[in-house]
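Taking the numbering used here, the leading residue of the sequence shown gets 133, the next gets one more, and so forth. All C-beta atoms in this analysis are idealised placements derived from N, C-alpha and C, irrespective of residue type, glycine included. The structure displayed is predicted, hence computed values, not measured ones.
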Amino acid sequence: MDFKDLLRYYFVQIYEEKFLGLIEDFLEELESTAKNLSLAALPSQWYKDAVIYSIYVDLFNNDFQGLSERLDYLEQLGIDCLWLLPILDSPMRDAGFDIRDYRSMRRSLFSLPEDAPAEITQQLFREFLSQAHQKNIRVIFDIALNHTSDQHKWFQESRKGPENPYRNYYIWNKDTNKYKETRLLFKGLCPSNWEYDNEWYYFHRFYEFQPDLNYHNPNVLLEMSRNLIFWLSQGIDGFRADAIPFLWKEDGTNCENLPQTHIIVKFFRGVIDAIRPGSLLLAEACQPPNEVVKYFGKGDECHAGYHFPLMPQIFISMALGDRQPVQKILRPEVTPPIPKICQWVTFLRLHDELTLEMVTPEEREIMNTHYRHDIRWNFREGEGISARLAELFRFDQRKILQAFSIMLTLPGSPVIYYGDELGKGNDEEWFEYMKTLSGYPDSRFYVRGPLNWKEIEISLKDSSSLSSKIFIGLQTMLGIRKDFKA
């Protein structure tokens, strides 16, 4: 079955035969684009041996030029894949996950004025990709497929009224009685999944300024696919698909991990493979392992997915001095086998809270007792701890490196969160700044914030500094790990 037949099959599975004209036009467009681009496939399964480094471009070193200047640093550490946290145009109320324009990058990331033409940023981005690729560093970036910013042009049109052609790009209702079984993701921050707007309510799983897209409208699926195609044409090596379990909503369900969501993911994967085989589709699905493995499909959905439940078990094992928590979570009855071409992505810390959603009440108590050293780190009413790696271990070099060693000897491709290789702590100033900007006391702001390269360079030259000891220790471990292929 060629890609056109495959995508047509997926489309009809979701929408039956109501919109055949739409899919036929899209398939002709896709075939023409793929032929014109003629992009060479990426090496098969390159992601299985990748060491991933996660960064906010501006917080890492001001802009893309600053990031380019630090590629040698990343190469020296042992990084071969950069995961760029949100870089697309955004009001930045949720660190860029509130996307205003899927075809445009934030001008500030290139130190350009806001009215600079998009073509200039695209050219500079392609130049950055070329520099990274010359050092054998692949680059992926975050894309929110579930929701947009309320400043996106689709939503601005949608809210004008029921007759607007963009109205059903989002989910509107006259009351809040729909999707009652849907859980609140942001406990303590958002009291409802519905937001009142001009005598109607719109649905959102995250903040109220991030309205959910309506994939019951086939135009949404096709337009989001076109956005993926556009960035593949610019040379990106893949995508981290944010909030992927929530794409399809169905009344009477919890609106998570529904069968239609998996077909949508297969459609996205088929589009990506048609344009550039080997480009990574990474699932961000904070779900139990038996649900996450479904996002691999038979190797025809996502190439990789985060193992969220493994992460807290590493910390619990260290707190108890017992290997059993990690061993238990990796047993086949808990973490089922995955297709050979797929890969788990492992991590100690990321840009969000240390999630405690999928631990028992007893385990949650252990985590909060051993690691939540400040009540201000509380997230979602006890379901998360907002602290960087060094803070969790009270800046104990031995424990920090032990945690890295455990992660690096487990199955999966590891993620290093920017600054953790240096022992960076929580950023109080950044929290206060972002609280004022966003209007929310979101404790996750503590784990973000800019790096200070003047201080870093001084610390790395001092062999007795914590930063130097952690960097060299991690660098050594990554060097050893590269001798053993997945």
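Taking the DSSP output, what are the residues bridged to Q475? Your numbering for residue 475 matches position 343 in the sequence shown. BP columns for Q475 point to A436.
Collapsed DSSP secondary structure at R504 in the structure displayed: The residue given as residue 504 occupies position 372 in the sequence shown. The answer is coil: DSSP assigns R504 none of H, G, I, E or B.
Curious, which full-length beta strand (DSSP E) runs of at least 3 residues does the region 535-562 contain? 545-549
Within the same chain, show all residues whose beta-carbon is closer than 7 Å to that of G555, passing over the 5 residues directly before and after it, in chain order. Within the sequence shown, the letter at position 423 stands for residue 555. Here the set comprises A522, F527, I532, L598, S599 and I602.
Do D190 and S240 count as a contact pair if the criterion is CB distance below 8 Å? Along the sequence shown, one-based indexing puts residue 240 at 108. Along the sequence shown, one-based indexing puts residue 190 at 58. Contact: yes.
Just the C-alpha distance for Y311 and D212, rounded to the nearest angstrom, thanks. Mapped onto the sequence shown, residue 311 falls at position 179. Mapped onto the sequence shown, residue 212 falls at position 80. Their backbone Cα atoms lie some 42 Å apart in a straight line.
Once you ignore the five residues that flank G320 on each side, which residues in its own chain have a CB closer than 7 Å to its CB? The residue you call residue 320 lines up with position 188 of the sequence shown. For G320, where only same-chain residues beyond five positions count, the Cβ hits under 7 Å are R512 and E513.
DSSP three-state label for W178, please. Position 46 of the sequence shown, counted from the start, is the residue given in the question as residue 178. In this structure, W178 counts as helix in the three-state DSSP scheme.
Verify the CB distance criterion: does H505 have a CB-CB separation below 8 Å to chain B? The chain inventory of the structure shown lacks chain B, comprising one protein chain alone.
Name the two residues that bound the continuous beta strand (DSSP E) containing A248. Along the sequence shown, read from residue 1 onward, the residue named residue 248 stands at position 116. Taken as a continuous stretch (DSSP letters only), A248 belongs to no beta strand (DSSP E), as it is neither H nor E.
CA nearest to the CA of S200, picked from T568, L261, L152 and I604: By 1-based counting over the sequence shown, the position of residue 200 is 68. Relative to the Cα of S200, the nearest Cα in the group T568, L261, L152 and I604 belongs to L261.
Does the Cβ of T467 have 16 or more other Cβ atoms within 10 Å, making it buried, or fewer, making it exposed? Counted from its first residue, the sequence shown places residue 467 at position 335. Its Cβ being crowded by 16 or more others within 10 Å, T467 is buried.
Pairing CB atoms from the region 484-491 with CB atoms from the region 435-452, are three or more of them under 8 Å? Touching, per the Cβ criterion.
Inside the region 240-326 only - alpha helix (DSSP H) runs reaching at least 4 residues: 250-266 and 285-290
Determine the extent of the beta strand (DSSP E) in which W215 is found, giving its start and end residues. Sequence index remark: in the sequence shown, residue 215 carries index 83 (1-based). Residues C213 to L216.
Taking 8 Å as the cut-off, decide whether the C-beta atoms of H394 and L414 are in contact. Numbered from its first residue, the sequence shown carries residue 394 at position 262. Numbered from its first residue, the sequence shown carries residue 414 at position 282. Not closer than 8 Å, so no.
Can you check DSSP and say which residues form a bridge with A415? Position 283 of the sequence shown, counting from 1, holds the residue named residue 415. BP columns for A415 point to A373 and G437.
Beta carbon of I404 nearer than 8 Å to that of L169: Against the sequence shown, residue 404 aligns to sequence position 272. Against the sequence shown, residue 169 aligns to sequence position 37. Result no, Cβ atoms of I404 and L169 do not sit closer than 8 Å.
Suppose you measure from the CA of N584 to the CA of E355; what does that come to, to the nearest Å? Locating residue 584 in the sequence shown gives position 452, where the first residue counts as 1. Locating residue 355 in the sequence shown gives position 223, where the first residue counts as 1. If I take the Cα positions, the gap works out to 40 Å.
Apart from the five residues on each side of it in sequence, which residues of its chain come closer than 8 Å, Cβ to Cβ, to A248? Position 116 of the sequence shown, counted from the first residue, corresponds to residue 248. Setting aside the 5 residues that flank it on each side, A248 is surrounded in the same chain by R239 and F242, each with a C-beta closer than 8 Å to its C-beta; the list follows chain order.
Entirely enclosed alpha helix (DSSP H) segments - the region 185-241, minimum 4 residues: 189-193, 196-201 and 203-209
So, is H483 buried or exposed, given that buried needs 16 or more other C-beta atoms within 10 angstroms? Here residue 483 refers to the residue found at position 351 of the sequence shown. Classification for H483: buried.
Cutting at 7 Å between CB atoms, please list the residues of its own chain near H502, excluding the five before and the five after it. Locating residue 502 in the sequence shown gives position 370, where the first residue counts as 1. Only A451 meet the Cβ criterion.
Please return the same chain residues whose Cβ sits closer than 7 Å to the Cβ of D559, not counting the five positions on each side in sequence. Taking the sequence shown and counting its residues from 1, the one referred to as residue 559 is at position 427. Leaving aside the five residues that flank D559 on each side, the residues in its chain whose CB is nearer than 7 Å to its CB run, in chain order, Y578, R580 and G581.
Closest residue to A375 among P350, I590 and E388 (Cα-Cα distance): Looking up residue 375 in the sequence shown gives position 243. Considering only alpha carbons, the answer is E388.
Neighbour-count burial assignment, A173, 16 or more Cβ in a 10 Å radius: For the purposes of this step, residue 173 is taken as residue 41 along the sequence shown, with counting starting at 1. Under this definition A173 is an exposed residue.
Would you kindly check if the distance between the Cβ of Y333 and the Cβ of E327 is under 8 Å? Here residue 327 refers to the residue found at position 195 when the sequence shown is read from its first residue. Here residue 333 refers to the residue found at position 201 when the sequence shown is read from its first residue. Contact: yes.
Have a look at Q255 and V271 and give me their C-alpha separation to the nearest angstrom. By one-based count along the sequence shown, residue 255 stands at place 123. By one-based count along the sequence shown, residue 271 stands at place 139. Their Cα atoms are separated by approximately 16 Å.
Opening and closing residue of the alpha helix (DSSP H) in which W585 lies: Locating residue 585 in the sequence shown gives position 453, where the first residue counts as 1. Looking at the DSSP string, the run of the alpha helix (DSSP H) that includes W585 is W585 to K593.
T165 beta carbon less than 8 Å from that of I361: Residue 361 sits at position 229 when you count from the first residue of the sequence shown. Residue 165 sits at position 33 when you count from the first residue of the sequence shown. Result yes, Cβ atoms of I361 and T165 sit closer than 8 Å.
Could you compute how far the alpha carbon of F479 sits from the alpha carbon of K292? For the purposes of this step, residue 479 is taken as residue 347 along the sequence shown, with counting starting at 1. For the purposes of this step, residue 292 is taken as residue 160 along the sequence shown, with counting starting at 1. Whole-angstrom Cα-Cα distance: 43 Å.
Tell me where the alpha helix (DSSP H) around F603 begins and ends. Locating residue 603 in the sequence shown gives position 471, where the first residue counts as 1. That run of the alpha helix (DSSP H) goes L598 to R613.
Could you give the residue range of the alpha helix (DSSP H) that holds Y147? The residue you call residue 147 lines up with position 15 of the sequence shown. Unbroken alpha helix (DSSP H) run through Y147: F135 to Y147.
Which residues in the same chain have their Cβ closer than 7 Å to the Cβ of D329, if we skip the five residues on either side of it in sequence? Taking the sequence shown and counting its residues from 1, the one referred to as residue 329 is at position 197. The answer, listed in chain order, is R291.
Taking W363 as part of the alpha helix (DSSP H), name the residues at either end of that continuous run. Locating residue 363 in the sequence shown gives position 231, where the first residue counts as 1. First-last of the alpha helix (DSSP H) with W363: P350 to Q366.
Within a Cβ cutoff of 7 Å, which residues of the same chain sit near A264, ignoring the five residues on either side of it in sequence? Looking up residue 264 in the sequence shown gives position 132. Cβ within range, chain order: L203, L214 and V271.
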